[in-house]
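Okay, structure first, notes after.
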Amino acid sequence: MAPQYAPSLRSRLAPLLLFLQMGFIAIYVFYVEIDTHTDLTRDFYATFQDVQVIVFLGFGFLGSFLVRYGFSSIGFNLLVAAVATQWAIVLNGMESWYYRGKVSINLRSLVVAEMCTASALISIGAVLGKTNPVQLTLAALLEVTGFILNEWLLRSLLRVQLLNSIMQLHIFGPFFGLALTWILDWKGCEKQFEKEKSAYKSGLFSMLGSVFIWMFWPSFNSILVDDRTPVRALEAVLSTYLALAASAVTAAAVTVLSNPKGTLNLIQMHSCIHAGGVAIGVCLTAVRHPWEAMTVGYSAAVLSTAGFRYLKGPMLLAHWFHDARDVLSTHAIPGLLGWVAHLLLQIQACDDPTTAVRFAVFHMCTLLLTLALSLSMGLVTGIILKWNFWRPPQDKKCFDDQAFWEFPHLAVGK
Amino acid sequence: MAPQYAPSLRSRLAPLLLFLQMGFIAIYVFYVEIDTHTDLTRDFYATFQDVQVIVFLGFGFLGSFLVRYGFSSIGFNLLVAAVATQWAIVLNGMESWYYRGKVSINLRSLVVAEMCTASALISIGAVLGKTNPVQLTLAALLEVTGFILNEWLLRSLLRVQLLNSIMQLHIFGPFFGLALTWILDWKGCEKQFEKEKSAYKSGLFSMLGSVFIWMFWPSFNSILVDDRTPVRALEAVLSTYLALAASAVTAAAVTVLSNPKGTLNLIQMHSCIHAGGVAIGVCLTAVRHPWEAMTVGYSAAVLSTAGFRYLKGPMLLAHWFHDARDVLSTHAIPGLLGWVAHLLLQIQACDDPTTAVRFAVFHMCTLLLTLALSLSMGLVTGIILKWNFWRPPQDKKCFDDQAFWEFPHLAVGK
Amino acid sequence: MAPQYAPSLRSRLAPLLLFLQMGFIAIYVFYVEIDTHTDLTRDFYATFQDVQVIVFLGFGFLGSFLVRYGFSSIGFNLLVAAVATQWAIVLNGMESWYYRGKVSINLRSLVVAEMCTASALISIGAVLGKTNPVQLTLAALLEVTGFILNEWLLRSLLRVQLLNSIMQLHIFGPFFGLALTWILDWKGCEKQFEKEKSAYKSGLFSMLGSVFIWMFWPSFNSILVDDRTPVRALEAVLSTYLALAASAVTAAAVTVLSNPKGTLNLIQMHSCIHAGGVAIGVCLTAVRHPWEAMTVGYSAAVLSTAGFRYLKGPMLLAHWFHDARDVLSTHAIPGLLGWVAHLLLQIQACDDPTTAVRFAVFHMCTLLLTLALSLSMGLVTGIILKWNFWRPPQDKKCFDDQAFWEFPHLAVGK
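In C-alpha cells, the structure reads:
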C-alpha cells in the first residue's frame, strides 16, 4: 500500500541547501569582490528593482492560481531564485576569473544573473507541482548552467550580441522545461492530477503576479540595452509597451472568439497577455517602428491563444507532456515567433541579398544551437531528477502544499 | 421568461477589439514614429512605472472589493486601459500630425496618455458591474476623446497650463461617469443589485489596490511637473505626501465619528484616504507651504467622508444615480474642493484686486467648460450605450464574473 | 457579566486623531517650510518609493497572516505610519528649529522620518492584535520620540554616524516592543488567544508583504548611504542582496531541519528570510567583501530560525511575554548579531590594539545606551497604555477585526 504521507524532505532538502549555501560562501571568499570602479547610478537601480519584482514576486504569484499550491509556488520560486542567482553570478564571472583570478560584481552582474534565473524559473514552470523543492533546485542549477553555456557559445562562436544572447532565455527556458517534463512524466502520467485545480480567490492572487509582470515587462526588456545609448533603451521601452498593449487586447478578443460560450478564461489570459512582451524581447534589436512592435504583439497573442486552446489538450491526451504553467503557449510559441520576426525584420533592412542570406544562416544556427542545447540539457536533467533518491512526490500528493508545509491547524504561536 | 444565462459577447466583444487593435496598428503604420531626439532618462522612467502601477494595478484591485466581480474588475481595467492608452496617444498627437504629418512618441507621450486613461478609468468606476466590457471599452474611448478635447479647449482658449489642464481629470472623469450612470440607470434601477456585496477576503484584495494608489500618488501628481525645475517637482511630491497623510488620519477620525457604533468602514476608507491626493492634484501649482497642503488634505477628507456617509444613500433612494465605486465622494467632491483651494490660494497670492478678479473669472470659466463638456459627453455616451445592440447584462447578472468568465469548475488542464 | 461587544472607540480614537492632525497642521504653519535649495533628483525618489512600499505595504501585509485581523493589520499600519511620519518630521527638525527658527524639509527628511516610523512599526508588531488603534497610535508616538532621542544622544554623545544611529532601529524597535508587551500582558495573559490563528488564504496575503520587504530591503539599507559616494551605496545594495539570498536559503534549510516532519513553516519563513537584511543593516558600514555579507546573512538566518523554534514557546509558557509578530526572532536577535558582526569586522580592520579596544568600548556604549533607553521607554509606554481609559480590547475580542470594523453583512451600497 502506498504511504499515507508525503516522504519527508528533511534528509534531502536541508543538507542540499546548506551545502549549496556554504559552498557559495566558500567560493565567494576566494573569488568574488565588489567592483568599486563602476559608474552605475541609482537610476539603473530602479529598473533593476522592477526586474526583481518580475522574478521574485511575478513568477511566484503567477503560479498561485493552483488552489492548493500557493505557498509552494511563491515560496519555492523565491528559494530557487535565491539559489540560482548566486550560482549564475559565479558562472557568469568564470571568464573574468580565468583571466584575472577574481570576479568583480556590480549591479549589472546582478541583473544578468537574474536574467539567467528568469530562464530557470520559466523552465521549472513546466514541472511545477509534480516535483519537490530538491528537484526544483537541482533543475534550476542545471538549467542556469546550460543557459550560460549556451550564451557563451553563442557569443564566442557566432558573435551574437549580449542582449540577443540573453533574450534566448525565452527559447532556451521553455524548451528545457518541456524536455524535462516529457522525461519526468514518461509512462507516469496516465491520469490527471486530482489537485491541479484553480479557484476564485487563488485566481485573484495569480492576477496580481500577472499584472505585475505585464506592467514591468518594459523594464525587463530594456534594462540590458546599452546605457550609452539611452535612445535605444527608450525605443525598447516603447516597443515593449505597445507590443504588450496590442497583445492584451488581442488575447482577450481571440479568447472570446475561440470559446464556444464567448467567455474569457483566466488562465488563458495569464498566458497570453504577456505573449507580446516575450516575442518583442527576442526581436528587440531589429524593431524600429511602433507598428512593427504592435504587429509582433498582435501575432504573438493570436498564436499563443490558439496554442493554449488547441495544443494543450492534445499534447496531454497523447501523453506527450504535461505542462503545469503552460510554458509552451506562454513562452515557447511567442519566443519562436520573435525569432521569426527578428529574421524578417533584419532581412528587410538588408540592402543586398548576400548579407540577408548570411544573416539568415547565422540566425538559423543561433536557433538550432539553442534548441539543441536546451532540449539535450532538459533530457539529461530529467533523467537525473527521475532518480528515486530525490523522493519525488507521489501523484496523489502532487499540487499539494501539505506535502511540504506545516499546517498545525494553522494555529499561530501555540 | 428571462433567459437563464447572460447573453454571449462573442459576436460583440471579439470583433470590436480586433477592429480597434487592427485599426490602431494601421494608424500607427502611417502616422506614429519613435522620437529619437528626446533626452529623457531612466530616472523619469521609474516615476512612470509608479503611474503604471496606479493605472493598471491600483484601479483594478480597488474594485475587487466586490465579492463576485474581482476577475472583471481587474481584467477589464487592464483591457480598457490598454485600448484607451493607444487611442489617447493617437489623439494627443493630432496637433503634431496636423503640422508635421507625423506623431513622434516618447516616454512623456506615454505618461500623458496614461493620465487620459486614468480619467477614463475613474469615470467607468461609476458604471462598473452594471455594464459589459463592450460598453466599458466604448465608454472609455468616448471619455478619452472628450477629455482630450476639453484639455485642448482649455489650453487653446483659456491658456491653461498643461499640468493644470491634465489635472482636470479629477473633475472631468467623475462627472462624466455620474452623467453616464444617471442615463444608464434611468428608470431601470428600481431595486438593489443582489450581487453587489463585499466580503472579507475581497476586502483585503481591494486594500492592496488602495495602498498602492496611496503610496504612489506623489508620483502621479509630480510626474508632469516640468523637468527643468526639479525643485517644483520636489514640492509636488512633498505636498502630495503631506496631503495624503493628513487625509488618511482625518478620514479615519471622521469615519469613526460619523458611525453610530464607532467603527471603521473599509469601503469608506478606500474612498476617503485618497481624497487629499485628488484635491492637492487639482491645486498643485498654487500650493507653496506644507501646511496649505495638509489643510487641503484635511478638508478633502472631511468632505469626502461626509459625502460618502450622507450623500450616497439619498442619491440612490431618489433614483438619481447608482455609483458603483463611489466616484462622487472619491473624486468629484475632492476635485471640486481642489478647484476652490486653487482659487483661494491664487487670489491670496495676488498683489492687486484686478489680477485676482481676472484670475477668478478665468478659473470659473475653466470649471464651467470642464463640467459642461464632461456632463454632456457623459449623457451622449449614456444614450449610445443604452442601445440593446451592446447586450447589456440583465440586473440579475450584474456584478457577477460568471457572465463573462469561464468557470469549468475552475479545473485546470482538463 | 462581560459586555458582549467591544467597547466603542468613537469617543477615544476620533478626538485623538483629529487633535493630532490639527496639531500637526498648526505646528507646520509656523515651523515647517519646503527646502528649495536641495539638489535631490528623481533617482533618489525611486528608492524612496521602495522604502514606502516596505513601510506602508510590507509591514501591513506581513501581519495579515492573522485570519481575522487582516483589515486591522493593514489599516492600522497605514494609519499609525501616517501619524508617526508627520511627528518624526517635526522631531527631526528640532535642532534646525532651535538654531534657525524654521524646519526645512526635503525628500531626505521624509526618508529619515520613515525610518523612524519603521522602528515604531517594528515595535508595535509585538502588541498587534492585543491593543486598539488608540493604543497603537500612542505607542508609536512615544516610540518615535524615544528613538529620535536615542539617535540624538548617540550622535551628540558618542559621535555615531547618522546611518549607524538610524540603523539602531533594528535594536531599539524590537526591545521597545518586547518591554511594552511584557507590561501589557503582566498577569493578564494566562491563556492563549482563541482568535490568533492563521489560515491558507491569509497566509498568501502575508507572503505578499514578505516578498515585497525581501525584494526592496536593499533600498531600505542603501538609501541613506551618502549620495556623494555612489560606490558605497552600490556596496550596500550588493551586500544586502547577498545577505538576503543567503538568509532565505539558510532559513529554509534550518526550518526543515528543526522540524520533526521535515516540512516548512510559513510564519517561521516570514520571520527568518529577512534576518540577513536586518543583521547586515546594522553592520553595513563595516562590511567590505561579499562573503562577509553572506556569512552575516547565513548566521542571522540560523540564529533567527532557532530562536523562532526554541525561544517563542518557552517565553510564552513562562508568562514572560507574548510576541504577536515575532519581533524577538525577526528583529531583536538578528539586530544583536549585526551589532556583534560590526564589532568583529571593525576590530579585524584595526591596525593596532589600542584603536580596537577603544572602538569596542565605544561600540558597547552604543548598544547599552540604546538598550537602556528602548527598554525603559517601552516600560513607561506600557504603564501608560495599561490605563483602562484607552479601552483596551478584552481577551475575547483580541485579534478580531469585528471589534473595529463595520461588517453590515458586508453589503455594499445598501
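Chains as they are written, first to last, in my numbering: chain A, 616 to 1029; chain S, 616 to 1029; chain H, 616 to 1029. Don't be surprised by glycine CBs; every beta carbon is placed ideally from N, CA and C.
{"Check": "So the candidates are VAL846/A, MET730/A, ASP665/A and TYR925/A; which of them puts its Cα closest to the Cα of GLN883/A?", "Outcome": "TYR925/A"}
{"Check": "Inspect the CB distances between the stretch 711-725 of chain H and the stretch 765-772 of chain H and report whether three or more fall short of 8 Å.", "Outcome": "no"}
{"Check": "For THR981/H, count the other beta carbons within 10 Å of its own beta carbon; 16 or more makes it buried, fewer makes it exposed. Which is it?", "Outcome": "buried"}
{"Check": "Starting from SER623/S and walking both ways along the alpha helix (DSSP H), at which residues does that stretch end?", "Outcome": "Unbroken run through SER623/S: none, as it is neither H nor E."}
{"Check": "Between GLY997/H and LEU839/H, how many whole angstroms is the CB-CB distance? I'm expecting something under 8 Å.", "Outcome": "In fact, because the Cβ distance is near 30 Å, the residues do not count as touching under 8 Å."}
{"Check": "Bridge partners for TRP1020/S per DSSP, in chain order?", "Outcome": "LEU879/A"}
{"Check": "Under 8 Å between C-beta atoms, does LEU1025/A make it to chain H?", "Outcome": "Confidence at LEU1025/A is low in this model, with a pLDDT of 49, below 50, so its placement is unreliable and the value that follows should be read with caution. Yes, contact with chain H."}
{"Check": "In whole angstroms, give me the CA-to-CA distance for ASN765/S and ALA867/S.", "Outcome": "35 Å"}
{"Check": "How about ALA641/S: is its C-beta nearer than 8 Å to some C-beta of chain H?", "Outcome": "no"}
{"Check": "What do you get for GLY824/A, buried or exposed, if any count of 16 or more other CB atoms within 10 angstroms of its CB means buried?", "Outcome": "buried"}
{"Check": "Output yes or no for whether 8 Å exceeds the beta carbon distance between SER837/A and GLN664/S.", "Outcome": "no"}
{"Check": "Would you say LEU778/A faces chain S, with C-beta separation under 8 Å as the test?", "Outcome": "no"}
{"Check": "So is LEU813/A buried or exposed if we call it buried at 16+ other beta carbons inside 10 Å?", "Outcome": "In the sequence as presented, Leu is not what sits at residue 813/A; that position holds Ser. The residue is buried, with at least 16 neighbouring Cβ atoms inside 10 Å."}
{"Check": "Measure the beta-carbon distance from PHE674/S to SER989/S and round it to whole angstroms, keeping in mind my assumption that it falls under 8 Å.", "Outcome": "In fact, because the Cβ distance is near 18 Å, the residues do not count as touching under 8 Å."}
{"Check": "Would you decide whether MET616/A is buried or exposed? Buried here means 16 or more other CB atoms lie within 10 Å of its CB.", "Outcome": "Confidence is the limiting factor: at MET616/A the pLDDT is only 39, short of 50, which leaves the residue's position unreliable, though a coordinate-based value still follows. Answer is exposed; the Cβ neighbour count stays below 16."}
{"Check": "For the stretch 814-842 of chain A, list every residue whose C-beta sits within 9 Å of some C-beta in chain H, in sequence order.", "Outcome": "LYS816, SER817, PHE820 and LEU823"}
{"Check": "With a Cβ-Cβ cutoff of 8 Å, do ASP1010/S and PHE808/S count as a contact?", "Outcome": "yes"}
{"Check": "ILE649/H lies in the beta strand (DSSP E); which residues open and close that run?", "Outcome": "647-649"}
{"Check": "Do we get a CB-CB distance below 8 Å when we pair TRP702/H with the residues of chain S?", "Outcome": "no"}
{"Check": "In whole angstroms, what separates the C-alpha of VAL878/A from that of SER623/S?", "Outcome": "Note that residue 878/A is Thr in the sequence shown, not Val. In a straight line, the C-alpha of THR878/A is about 7 Å away from that of SER623/S."}
{"Check": "Name the chain S residues whose beta carbon is nearer than 9 Å to that of ALA861/A?", "Outcome": "GLN636, PHE639, ILE640, ALA697 and GLN701"}
{"Check": "At a Cβ threshold of 8 Å, is GLY877/S touching chain H?", "Outcome": "yes"}
{"Check": "Taking the Cβ atom as the reference point for each residue, do ILE640/H and TYR913/S lie within a distance shorter than 8 Å?", "Outcome": "yes"}
{"Check": "From THR746/A to ASN1003/A, what distance separates their C-alpha atoms?", "Outcome": "12 Å"}
{"Check": "Using a Cβ-Cβ cut-off of less than 7 Å, list which residues of the stretch 620-632 of chain A approach chain H; keep chain order.", "Outcome": "SER623, LEU624, ARG625, LEU628, ALA629 and LEU632"}
{"Check": "Counting only Cβ pairs nearer than 8 Å, list the residues of chain S close to LEU884/A.", "Outcome": "Note that residue 884/A is Met in the sequence shown here, rather than Leu. Within chain S, the residues near MET884/A are GLY690."}
{"Check": "Given that TYR856/S touches chain H, what residues does it touch there, using C-beta distances under 7 Å?", "Outcome": "LEU725"}
{"Check": "Let me check understanding here. Comparing Cα to Cα, which of ILE781/S, VAL749/S, LEU777/S and GLY788/S lies closest to GLU758/S?", "Outcome": "GLY788/S"}
{"Check": "Tell whether a beta-carbon distance below 8 Å holds between ALA908/S and VAL902/S.", "Outcome": "yes"}
{"Check": "Establish whether the CB of TRP1020/A and some CB of chain S are separated by less than 8 Å.", "Outcome": "no"}
{"Check": "Between which residues of its own chain and VAL705/A is the CB-CB distance below 6 Å, once the five residues before and five after are set aside?", "Outcome": "ILE642"}
{"Check": "Kindly identify the DSSP beta-bridge partner or partners of LEU681/A.", "Outcome": "SER813/A"}
{"Check": "Which first and last residues belong to the alpha helix (DSSP H) in which VAL718/H is found?", "Outcome": "Premise fails: VAL718/H lies in the beta strand (DSSP E), 718-720, not in any alpha helix (DSSP H)."}
{"Check": "Within a Cβ cutoff of 7 Å, which residues of the same chain sit near THR985/S, ignoring the five residues on either side of it in sequence?", "Outcome": "ASN765, GLN783, ILE786 and PHE787"}
{"Check": "Please confirm whether HIS904/H has its beta-carbon closer than 8 Å to some beta-carbon of chain A.", "Outcome": "yes"}
{"Check": "Output yes or no for whether 8 Å exceeds the beta carbon distance between CYS1013/S and LYS810/S.", "Outcome": "yes"}
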